[in-house]
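Engineer: Numbers given in this note's numbering equal positions in the sequence shown, counted from 1, plus 8.
Each residue gets a CB set at the ideal place from its N, CA and C atoms; glycine is no exception.
Dropping the structure in here first, questions after.
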Amino acid sequence: MILRSGLRAFACGALLSLGALLSLGAMSFAKAEGTYEIPAGAHFNQEKLGKISEFFKNEVAIGKIAGATVLIRQHGKPVYHEAFGVQDVASKAPITDKTIFRLFSMSKAITSVVAVQMIEDGKIKLDDPLSKYIPSFANVKVGVEKKADDGTKSLELVPPNRPITVLDLMRHTSGITYGFYGDSLVRKAYRDANIYAGDFDLAEFAERIAKLPLHNQPGALWQYGHSTDVLARVMEIAAGKPLIDIMREKLLDPLGMVDTGFFVTAPEKQKLMAQPVPNDSDFRVGRINDPTVVKKIQFASGGMVTTMADYERFAQMLLNGGTLDGKTILKPDAFKLMTTDKIGPGSGVDRDYFYFPGDGFGFGLGLAVRTDPGNAKPPPPGDLGELKWDGASGCYFVIDPKQDMFFVLLEQTPTERQRVQRTLKQLVYESMEN
């Protein structure tokens, strides 16, 4: 059994607690406190940015990671852009902006932007019941754990209080979960159902999910899982075309994200794929994620690959409020819809141990949104209104509108990712001054 303390390494945005801050060691509380909600208009101190390079060079030197690439852009210009280590320790090829990384859950951000575009176009609506598109979900049940006097647990299946909606899929309140973390009976049912077996597409996968119990009542709890994959099937039905075609038409081609997709088939491209160090090769998401092997399924929740050259354009579009190079990806109202907290006070949505956006964050339509300082003293660095997400492979991005800044980290290190991400964010904000 996996220890409870390690479960947060499986999914995005784990809580940054006081203990996590303490683990940063050399970073003083005084410094950390000064990096929360610094006045707008801050600039980067180049000498302080050098600590980022020192950190990653050491990570490579001691064999914790094979390599990584970090980009910080402010006011539309790069203020820091460095690559460290190698794509993989076997080839020893250096990392470049064209090195290909598996995004895992950072795929959700891309899928969610395209879904919001379809909402903007009137193709789907947030209050649409899921069963409108996938009738099997009209019969779904909620799994409620019952505990007998002798301590044994059983699962009682009860009707949902209301239908699952598109909004539930986008804000992770559908009750659809993952089976590779946690020990609840519903998650065990996911594992036992062997939902990743064979060669299947999104249509078949959605039907497999519909046969499983919901982890909780729709709208009751932020619950990380395959909601984004089911959302992707809704998108396919509404658009009448495969997910990747929708993505290319509405987002990838307009932004020039030429190396972002689900599979890497060309031999010359496969040579550009980043790999973790050999003893850190298990991404621990319940299934094999090998983009060099073409399958029918396009996992919208975690199956995409990208390069720094591509993802920086996506991040800059978000920082710009939905536009890039004169092209409008999201109109202002749609961007506001996506980046406004949907699970805060009055929403009826609870948060538990597995609330991966973390302390101080709400959640919009596919992105975590900083809403308050959080409970840690001092609070983690950042600014109100920050947008973020990350993935099981270690990739991570933060959009800070207040400072007109974003940073992107691409790496392949599931074991070390939380520690590396925390440290990078701390160093980024400690490099800013007014």
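Between the beta-carbon of Lys131 and the beta-carbon of Gly374, is there less than 8 Å?
Structural biologist: Result no, Cβ atoms of Lys131 and Gly374 do not sit closer than 8 Å.
Engineer: At the level of alpha carbons, what is the spacing between Phe364 and Tyr232?
Structural biologist: Cα to Cα, the separation comes out at about 8 Å.
Engineer: Just to confirm my understanding: we take Val152, look at its own chain, exclude 5 residues before and 5 after, and list those with CB closer than 8 Å. What are they?
Structural biologist: Leu163, Glu164, Leu165 and Val166.
Engineer: If you run the structure through DSSP and keep just helix, strand and coil, what is Ser162?
Structural biologist: It is a strand residue.
Engineer: Excluding the five sequence neighbours on either side, which residues of its own chain have a C-beta within less than 6 Å of the C-beta of Phe369, listed in chain order?
Structural biologist: Correct list, in chain order: Ala376 and Arg378.
Engineer: If we require 4 or more residues per run, which alpha helix (DSSP H) segments fall completely within the segment 79-151?
Structural biologist: Segments of the alpha helix (DSSP H) lying fully in the segment 79-151: 115-128.
Engineer: What three-state label does DSSP hand Asp288 in the structure shown?
Structural biologist: DSSP places Asp288 in helix when its eight states are reduced to three.
Engineer: So, is Asp129 buried or exposed, given that buried needs 16 or more other C-beta atoms within 10 angstroms?
Structural biologist: With fewer than 16 other Cβ atoms within 10 Å, it is exposed.
Engineer: For a test of the three-state rule: what should DSSP assign to Thr331, helix, strand or coil?
Structural biologist: Correct three-state label for Thr331: strand.
Engineer: Closer than 8 Å by C-beta to Ile245: which residues in its own chain qualify, once you throw out the five before and the five after it? Chain order, please.
Structural biologist: For Ile245, where only same-chain residues beyond five positions count, the Cβ hits under 8 Å are Tyr141 and Ile142.
Engineer: If you check the beta carbons only, do Gly187 and Arg199 fall under 8 Å apart?
Structural biologist: Yes. Within cutoff.
Engineer: Which of the three DSSP states is assigned to Lys154 in this structure?
Structural biologist: Here Lys154 sits in strand by DSSP.
Engineer: Determine the direct distance from the alpha carbon of Gly93 to that of Pro102, and round the result to whole angstroms.
Structural biologist: The straight-line gap from Cα to Cα measures roughly 6 Å.
Engineer: Go through its chain and collect everything with a Cβ distance to His223's Cβ below 6 Å, but skip five positions before and after it.
Structural biologist: These residues qualify, in order along the chain: Gly183, Thr185, Val194 and Gln231.
Engineer: Assign Thr268 to buried or exposed, taking buried as 16 or more other Cβ atoms, counted over all protein chains shown, within 10 Å of its Cβ.
Structural biologist: The residue in question, Thr268, is buried, as its Cβ has 16 or more Cβ neighbours within 10 Å.
Engineer: Quick one: measure Cβ to Cβ for Lys65 and Ser439, integer angstroms, because I've assumed they're closer than 8 Å.
Structural biologist: Actually they do not touch by this definition, with Cβ atoms about 16 Å apart.
Engineer: Can you confirm whether the segment 329-338 touches the segment 108-115 when touching is taken to mean that 3 or more C-beta pairs between the two stretches lie within less than 8 Å?
Structural biologist: Judged by Cβ distances under 8 Å, the segment 108-115 makes no contact with the segment 329-338, as fewer than three pairs qualify.
Engineer: Among residues of its own chain, excluding the 5 on either side of Arg241, which ones have a beta-carbon nearer than 7 Å to its beta-carbon?
Structural biologist: Within the same chain, Arg241 has close Cβ partners Ile142, Leu210, Ala211 and Ala214.
Engineer: Between Pro389 and the rest of its own chain, which residues show a CB-CB distance below 8 Å, the 5 nearest in sequence each way excluded?
Structural biologist: The residues are Ala40, Thr43, Tyr44, Lys433, Gln434, Val436, Tyr437 and Glu438.
Engineer: Does DSSP classify Arg427 as helix, strand or coil?
Structural biologist: Correct three-state label for Arg427: helix.
Engineer: I need the DSSP call for Tyr198, collapsed to helix, strand or coil.
Structural biologist: Three-state DSSP puts Tyr198 in a helix.
Engineer: Identify the continuous alpha helix (DSSP H) that holds Met265 and give its terminal residues.
Structural biologist: Counting along the chain, Met265 falls outside any alpha helix (DSSP H), and DSSP gives it neither H nor E.
Engineer: Tell me the DSSP secondary structure of Leu30 in three-state form.
Structural biologist: Note on Leu30: pLDDT 34, under 50, position unreliable in the model; no value is reported.
Engineer: Suppose the cutoff is 6 Å on Cβ atoms and the five residues either side in sequence are ignored; what does the same chain contact list for Phe343 look like?
Structural biologist: So the qualifying residues of the chain are Gly329 and Gly330.
Engineer: Between Ala38 and Val78, what straight-line distance do the alpha-carbon atoms span, to the nearest angstrom?
Structural biologist: Because the pLDDT of Ala38 is 36, which lies under 50, any placement of that residue in the model is unreliable, and the number read from its coordinates should be weighed accordingly. Approximately 25 Å between the Cα atoms of the pair.
Engineer: Just to confirm, are Lys106 and Thr423 a CB contact at a threshold of 8 Å?
Structural biologist: No, they are not a contact pair.
Engineer: For Val148, count neighbouring Cβ atoms within 10 angstroms of its own Cβ and tell me buried if that reaches 16, exposed if not.
Structural biologist: Buried, because 16 or more other Cβ atoms sit within 10 Å of the Cβ of Val148.
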